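Notes follow the structure.
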Amino acid sequence: MELFRATVMPDKKLYRKAGDALFHKTKSVRAFLISGLIICLVVGPLLTYISYINHFEDVFIVPTLGIIFIIYYFFAPSYMGKALFKSQSKKNLAKETTYSFTDNEIRVSTVDSSSVYNYSAIEELYETDELICLYFNKQSAFIIPKDRIENPLCDVRMFLESRVGKKVNYVKKVSTGKSIAKTFAVLAASIVLTILSAGVADLVLEEPQTFSYKNYSITLDNHFYEDGDFANHSYTLFASDATMTVDDYSQKDIDYALDKENSSLEELAKSYCEGNRVKNVKKINHYTYDITFYDNVDGIDYYNIVSVQQIEDIYWVTQIYCEKILENDYKDKFEDWISSINFKGNEA
């Protein structure tokens, strides 16, 4: 005995709408949204913080993968609908299909075919503002527009629930505009949190740290990190905007460099004034000279501070520099750092 029927003309638009109902209710698909949010709002900022703490300041981690997951969640239902369309409707395209619901089975008829389905084969029942959706699996479904059902909808819902043994799940359609707005909101929040993470890391890196080489030590901040492979220098420290080098020379090295026997500390200090725009030369004591100057390397102007010191028979040259445009940011810091130089077991 036929209880109700519906006559449908299958088309791609119909199945795209149906894809939304199944897609957003699927647990595995929800995992994309949850994963995307975690990547954007937790993992991305955390990785940014870790990268900054480990001196990868040039790495600004925008959680692209998380955004892709979120975009997939919001905008992929149409592709789910395409899968349904390809799997069961392509063969019936432009063929009027009649769904006849009886007590024990569903009969599906077109102009040139007929088939029968048991209610027990239906896995999920969904309803949208426009459709009743009976899903057998992700690639097979009966998609019936409500306006094509001849009986009252309340009676249809009760009948289907009684036969299938499952409740009809109502799915509210999310507008494309709201989906776009939510995606951009997550992206904006992710960027803000990432910037805040970088800021927190920057504050942590402001803490002073003492670096040592042989019996030499200097106190900078945690923005600096060691790199012993920097060419032509004994010891090198890098930060994102500044570089510090240390060299220890013997009297023989100095004489060779200055092309003069028994070169003095003062002569070594003055050698840094030659060919550069000297800003200041300061004699700290009999063993220490500090020189500030500008030079140009590969077309870029740099601000430099050099401390030349003699400890016993070793000449120590400490040079810290940054681009000239950053002079005001680093001038006081450079002077503080240079003044922190210490030699274990000796006094300059």
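Per numbering that gives the first Met the number 0, residue 0 is the first one in the sequence shown, and the count goes up by one each step. Backbone N, C-alpha and C define an ideal beta-carbon position, used for all residues, glycine too. It should be emphasised that the depicted structure is a prediction, and the values quoted were computed from it without experimental measurement.
- Comparing alpha carbon positions, the residue from Asp102, Arg29, Tyr98 closest to Thr109 is Tyr98.
- The residues Gly65, Phe68, Ile69, in chain order, have a CB closer than 6 Å to that of Gly35 in the same chain once the five nearest residues on each side in sequence are set aside.
- The C-alpha of Asp246 lies about 20 Å from the C-alpha of Val280.
- Non-local beta-carbon contacts of Phe31 in its own chain, meaning distances under 6 Å to residues more than five positions away in sequence, involve Phe68, Tyr71, Tyr72 in chain order.
- Distance from the CA of Tyr134 to the CA of Asp128, rounded to the nearest whole angstrom, comes to 17 Å.
- Of all alpha-carbon atoms in Tyr48, Asp220, Asp201, the one lying nearest the alpha-carbon of Pro207 is that of Asp220.
- Straight across, the Cα-Cα distance linking Val191 with Phe237 is about 27 Å.
- Given a length threshold of 3 residues, each whole run of the beta strand (DSSP E) inside the region 153-233 is given here in chain order: 167-169, 207-212, 215-220.
- Here Tyr118 has Arg162, Val163 as same chain residues with Cβ atoms under 6 Å from its own Cβ, once five neighbours each way along the sequence are excluded.
- Taking C-beta separations shorter than 6 Å and ignoring five residues to either side along the sequence, the partners of Val277 in its chain run Phe292, following chain order.
- Between Ile290 and Tyr320, the CB-CB gap reaches or exceeds 8 Å.
- For Ser114 and Glu160, the gap between their C-alpha atoms comes out near 22 Å.
- A Cβ-Cβ separation of about 16 Å leaves Leu130 out of contact with Pro151 under the 8 Å criterion.
- Counted as a single uninterrupted DSSP element, the stretch harbouring Leu130 is not any alpha helix (DSSP H) but the beta strand (DSSP E) occupying residues 130-136.
- Taking the C-beta atoms as reference points, Ile304 is found nearer than 8 Å to Phe333.
- Residues of the same chain with a CB within less than 8 Å of the CB of Phe158, apart from the 5 flanking positions on each side, are Leu2, Phe3, Phe100 in chain order.
- By the beta-carbon neighbour count (other beta carbons within 10 angstroms, threshold 16), Val7 is buried.
- In the structure shown, the three-state DSSP call for Thr63 is helix.
- A buried status is given to Cys132, since no fewer than 16 other beta-carbon atoms sit within 10 Å of its beta-carbon.
- By the Cβ neighbour-count rule, Cys153 is exposed, with fewer than 16 other Cβ atoms within 10 Å of its own.
- If you draw a straight line from the Cα of Thr287 to the Cα of Ser189, it comes to about 50 Å.
- Contact check for Ala241 and Tyr301: beta-carbon distance about 10 Å, past the 8 Å limit, so the pair fails to qualify.
- The distance from the Cβ of Leu267 to that of Ile253 is about 6 Å, consistent with a contact at the 8 Å cut-off.
- Val316 sits close to Val307, with the two beta carbons spaced by under 8 Å.
- Exclusion of the five residues before and after Ile299 leaves Glu322 as the residues of its chain whose Cβ lies within less than 7 Å of its Cβ.
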